[in-house]
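Novice: This is the structure I want to talk about, given as structure tokens.
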Amino acid sequence: MTKNVTNFLSPEERRERRMILLLLAPALAVVGLLLIGPLIWMGWQSFQGPDGFTLDHYARFLSDTVYLSSFVQTFRIAFVVTIAALLLGYPIAYVAAKSQGIWPPIILGMVLLPFWTSVLVRAYAWLILLQRRGLVNTMLIETGVIDKPLILVNNEFGTVMATLHILLPFMVLPLYATMKKIPAELEMAGASLGGGGWLVFRSVFLPLSLPGVIAGSVLVFVLTLGFYITPELLGGGRTFLVSMLVSRNIELYNEWGAASSISMVLLLLVFLIFRLASMLIPFERIMGTR
Amino acid sequence: MTSKLKFTAATSLTLCLGVGWLHAAEITFVSQGGAYQEAQTKAILDPVTEKTGIVVKQDSSPDAWPVIRTQTATGKPIWDVIDTPTKDCMRGGEQGMIEKLDLAAMPSVAAMPAELRNDYSVAYEFYSSVLAYNKDAYGENGPQSWADFWDVEKFPGTRALRNHPLATLEAALMADGVAPADIYPMDVDRAFKKLEEIKPHISVWWTSGAQSAQLLADGEADMVMAWNGRVSAVMAEGAPVDFTYNQGILQYTSLCVLKGAPNLETAMKFIEAAMSPEIQANFPEYIDYGPGNPAAYETGKISAERAAQMPNSPENAAKQVLNSAAWWSSPEGEAAQERWAAFVQQ
Numbered sequence: 001m002t003k004n005v006t007n008f009l010s011p012e013e014r015r016e017r018r019m020i021l022l023l024l025a026p027a028l029a030v031v032g033l034l035l036i037g038p039l040i041w042m043g044w045q046s047f048q049g050p051d052g053f054t055l056d057h058y059a060r061f062l063s064d065t066v067y068l069s070s071f072v073q074t075f076r077i078a079f080v081v082t083i084a085a086l087l088l089g090y091p092i093a094y095v096a097a098k099s100q101g102i103w104p105p106i107i108l109g110m111v112l113l114p115f116w117t118s119v120l121v122r123a124y125a126w127l128i129l130l131q132r133r134g135l136v137n138t139m140l141i142e143t144g145v146i147d148k149p150l151i152l153v154n155n156e157f158g159t160v161m162a163t164l165h166i167l168l169p170f171m172v173l174p175l176y177a178t179m180k181k182i183p184a185e186l187e188m189a190g191a192s193l194g195g196g197g198w199l200v201f202r203s204v205f206l207p208l209s210l211p212g213v214i215a216g217s218v219l220v221f222v223l224t225l226g227f228y229i230t231p232e233l234l235g236g237g238r239t240f241l242v243s244m245l246v247s248r249n250i251e252l253y254n255e256w257g258a259a260s261s262i263s264m265v266l267l268l269l270v271f272l273i274f275r276l277a278s279m280l281i282p283f284e285r286i287m288g289t290r
Numbered sequence: 001m002t003s004k005l006k007f008t009a010a011t012s013l014t015l016c017l018g019v020g021w022l023h024a025a026e027i028t029f030v031s032q033g034g035a036y037q038e039a040q041t042k043a044i045l046d047p048v049t050e051k052t053g054i055v056v057k058q059d060s061s062p063d064a065w066p067v068i069r070t071q072t073a074t075g076k077p078i079w080d081v082i083d084t085p086t087k088d089c090m091r092g093g094e095q096g097m098i099e100k101l102d103l104a105a106m107p108s109v110a111a112m113p114a115e116l117r118n119d120y121s122v123a124y125e126f127y128s129s130v131l132a133y134n135k136d137a138y139g140e141n142g143p144q145s146w147a148d149f150w151d152v153e154k155f156p157g158t159r160a161l162r163n164h165p166l167a168t169l170e171a172a173l174m175a176d177g178v179a180p181a182d183i184y185p186m187d188v189d190r191a192f193k194k195l196e197e198i199k200p201h202i203s204v205w206w207t208s209g210a211q212s213a214q215l216l217a218d219g220e221a222d223m224v225m226a227w228n229g230r231v232s233a234v235m236a237e238g239a240p241v242d243f244t245y246n247q248g249i250l251q252y253t254s255l256c257v258l259k260g261a262p263n264l265e266t267a268m269k270f271i272e273a274a275m276s277p278e279i280q281a282n283f284p285e286y287i288d289y290g291p292g293n294p295a296a297y298e299t300g301k302i303s304a305e306r307a308a309q310m311p312n313s314p315e316n317a318a319k320q321v322l323n324s325a326a327w328w329s330s331p332e333g334e335a336a337q338e339r340w341a342a343f344v345q346q
């Protein structure tokens with residue numbers, strides 16, 4: 001059947017197909033050379049020991065308790081960051097989508113502004129804000145709210161704060177894009193049928209914005225899984241995420257294979273998350289291409 | 001610039017290059033970069049060139065070990081001499097990646113105490129993991145021993161330790177009453193048990209030297225185990241910080257030569273020159289790290305005042321424990337490192 005269709009293609013159409021392939025070739029070559037190739041190499045390496053093929057690197061997932069606790073902590077932090085980003089991001093996106101005139105660009109501009117500052121700089125900024133003699137603690141002590149400094153950084157809390165701040169735009173933007181496409185008429189229709197503001201929001205707007213919720217959540221969740229700088233700088237050594245496990249393995253076992261195996265497992269988990277999410281909404285919408 | 005000057009410059013450059021090329025007396029030297037490598041350039045590398053004519057090309061790598069592995073695996077290394085933690089030289093030597101030192105041709109090295117060298121490497125510069133504290137928190141009666149660091153009743157306040165077992169386990173054993181002379185071989189179980197005691201009081205497990213300095217400077221931690229050079233830099237900036245060498249853990253990096261190095265013979269000559277007491281004595285002039293060769297203190301080039309600030313001057317060294325790179329590169333040492341992450345995380 002397919003063969004027949006190809007045969008029926010006119011010469012112009014075939015030329016066009018060749019043209020498309022030709023135009024895509026540089027991009028495909030770059031992806032193949034810089035992404036697919038190294039990934040295959042990494043996968044191969046994760047099965048290599050000093051004496052050839054080995055499952056040792058994967059066996060450590062069962063024998064080394066640090067592996068499991070790192071994965072658990074990483075997923076827990078990713079979950080907390082995602083929920084917090086959703087709670088903070090949804091109202092922002094909502095107001096931006098509903099407001100008129102110059103407000104949407106101003107609101108989105110404020111969301112994007114920190115985006116243009118280096119992640120490293122922002123992580124240090126949080127350190128200055130949150131440390132024992134930092135701005136937040138000093139202010140709270142001087143106003144008499146507390147009399148002993150709160151421990152806000154060098155722990156999981158500090159890590160979550162900074163990661164949340166860095167990733168918030170990834171939640172707001174897909175939400176805004178989805179909300180913008182919800183026709184205002186649907187809400188009016190809901191209201192004309194006697195629905196109050198809350199009822200209309202809950203039964204009309206919220207369900208229609210769900211694709212944005214899923215898209216933003218998946219992005220934030222998956223990006224948090226690979227975070228390195230914020231837990232390293234603000235985690236106080238106790239926050240030990242998968243990315244740090246990778247670097248520790250290179251130091252400790254002097255084997256790229258040990259680090260590769262962790263990366264492979266994390267990669268598979270990310271694929272799994274995308275697969276599950278795409279069962280709920282099409283993949284193209286998660287990536288914001290449609 | 002006049003054309004005559006240009007001509008002179010060009011000729012002398014050609015001459016220099018020509019001479020260098022003819023004698024091929026050059027090596028590639030690798031250290032860890034930053035202010036530390038800059039200080040070495042003035043203290044050691046330039047004087048060696050002046051004395052021997054060996055042209056020193058430099059490279060730097062914060063962690064040389066993976067590069068050592070890759071370069072020697074190909075059989076055609078580009079580096080000659082590396083300045084790296086002693087452990088790298090030792091395990092590299094055992095795995096056939098490092099050349100043995102030719103001691104017969106190295107009188108300065110051969111004259112050094114045996115504990116500061118092995119078949120593959122020689123101690124090049126010293127630093128120490130010391131107990132530093134905030135003077136605002138403790139006044140003039142700051143903590144003076146690891147037992148004090150562990151004493152949260154007498155010395156309340158926040159504490160920070162390095163997120164690494166090296167030196168931390170040694171400190172725990174001293175806090176538990178082990179005499180400095182009896183530290184090695186280490187009772188790892190005992191050390192971890194002692195660490196569990198202080199763990200709830202540690203607010204930060206630091207990972208980089210810069211971070212330890214920041215913790216002290218910002219008053220985030222009242223007591224920190226940190227490298228002496230980092231602490232003195234914070235003190236020089238005027239922060240209310242002090243430290244003691246008492247029970248410090250004395251550590252050193254070593255020089256070693258890659259297996260099959262392109263300029264093997266010159267590399268050995270370079271090491272002999274770099275380790276000579278006269279040149280080693282330049283270290284304290286440029287940085288707060290001590291010369292690897294203790295004979296440098298007998299040259300008269302280091303003032304008594306400066307020696308008192310150095311981690312390995314005879315008086316200060318006597319108060320400290322010499323870190324055993326041999327123990328840390330043994331299977332027990334490797335196991336202790338594997339155990340560390342689980343300890344910190346739980």
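Which chain is which? The protein sequence lines are A and B, in order.
Counting along the first sequence from 1, when you hit position 213 you're at 213 in the UniProt record's numbering, and nothing is skipped either side.
Counting along the second sequence from 1, when you hit position 76 you're at 76 in the UniProt record's numbering, and nothing is skipped either side.
Just so it is clear, CB atoms sit at the ideal spot from N, CA and C, and this is done for glycine as well.
Keep in mind it's a predicted model, so treat the numbers as computed, not measured.
#1: Report the CB separation of B/V321 from B/E170 in whole angstroms; it is logged as a contact under 8 Å.
#2: Ignore the nearest five residues each way along the sequence and tell me which others in B/W65's own chain have a CB closer than 6 Å to its CB.
#3: Within the 9 Å Cβ cut-off, does B/T86 reach chain A?
#4: Is A/L245 close to chain B, meaning its C-beta is less than 9 Å from at least one C-beta of that chain?
#5: Quick one: what's got a C-beta closer than 6 Å to B/I302's C-beta in the same chain, skipping five residues either side?
#6: Ordered along the chain, which non-local residues of its own chain (more than five positions away) have a Cβ less than 8 Å from that of A/M264?
#7: Could you list which residues in chain A have their beta carbon closer than 9 Å to that of B/S329, in chain order?
#8: Compare the C-beta of B/K4 against all C-beta atoms of chain A and say whether one is closer than 9 Å.
#9: Output the residue ranges of the alpha helix (DSSP H) runs that lie fully inside the segment 138-191 of chain A and measure 4 residues or longer, sorted by chain position.
#10: To the nearest angstrom, how far is it from the Cα of B/D83 to the Cα of B/T253?
#11: Tell me, please, whether the CB atom of A/R133 is closer than 9 Å to any CB atom in chain B?
#12: Within 10 angstroms of its Cβ, does A/F61 collect 16 or more other Cβ (buried), or is it exposed?
#13: Does the distance from the C-beta atom of A/E251 to that of B/D288 stay below 9 Å?
#14: Using CA coordinates, which residue listed in B/D102, B/D242 and B/L258 is at the minimum distance from B/G142?
#15: Nearest-angstrom Cα distance between B/Q337 and B/P277?
#16: Along the chain, where does the alpha helix (DSSP H) that runs through A/R15 open and close?
#17: Which one or two residues does DSSP pair with B/C89 in a beta bridge?
#18: Can you check whether the CB of A/G216 is closer than 9 Å to the CB of A/A85?
#19: Does A/V242 have its Cβ less than 9 Å from a Cβ in chain B?
#20: Please work out which residues of its chain come closer than 6 Å, Cβ to Cβ, to A/F157, disregarding the five sequence neighbours upstream and downstream, and give them in chain order.
#21: Out of B/V257, B/M112 and B/A326, which one is the CA nearest neighbour of B/S31?
#22: What's the C-alpha gap between B/T14 and B/V56?
#23: Count the other CB atoms, across all protein chains shown, that sit within 10 Å of the CB of B/G92; report buried if there are 16 or more and exposed otherwise.
#24: On a CA-only basis, which of B/D136, B/I44, B/G34 and B/Q251 is nearest B/F270? Give me that one, please.
#25: Rounding to the nearest angstrom, what Cα-Cα distance links B/G209 and B/E94 in this structure?
#26: Tell me the DSSP secondary structure of A/F61 in three-state form.
#27: Hey, how far is the Cα of B/Q211 from the Cα of A/S118?
#28: Using the beta-carbon count (16 or more within 10 Å), is residue 292 of chain A buried or exposed?
#29: So B/D218 contacts chain A; which residues on that side make the cut at Cβ distance below 9 Å?
Specialist: In terms of the structure at hand:
#1: 6 Å
#2: D88
#3: no
#4: yes
#5: A281 and P284
#6: Short of 8 Å from the beta carbon of A/M264, and not among the five residues preceding or following it, lie these beta carbons of its own chain, in chain order: M42, G43 and S46.
#7: Under the 9 Å cutoff, chain A gives no residues; its nearest Cβ is about 12 Å from B/S329.
#8: Its pLDDT being 48, under 50, B/K4 is placed unreliably by the model, and the measurement read from it follows with that caveat. With 9 Å as the cut-off, B/K4 does not count as an interface residue toward chain A.
#9: 156-180
#10: Cα to Cα, the separation comes out at about 6 Å.
#11: Under the 9 Å criterion on CB atoms, A/R133 is classed as interfacial with respect to chain B.
#12: exposed
#13: no
#14: B/D242
#15: 35 Å
#16: P11 to V31
#17: Beta-bridge pairing links B/C89 to no other residue.
#18: yes
#19: no
#20: none
#21: Nearest Cα to B/S31 within the set B/V257, B/M112 and B/A326: B/V257.
#22: Interpretation of B/T14 is limited by its pLDDT of 48, a score under 50 that renders its predicted location unreliable; no figure is taken from the coordinates.
#23: Label assigned to B/G92: buried.
#24: B/I44
#25: 29 Å
#26: helix
#27: 19 Å
#28: Because residue 292 of chain A is not part of the residues shown, which for chain A are 1 to 290, the question remains open.
#29: Contact of B/D218 with chain A by beta-carbon distance below 9 Å involves L127, I128, Q131, R132, R133 and G134.
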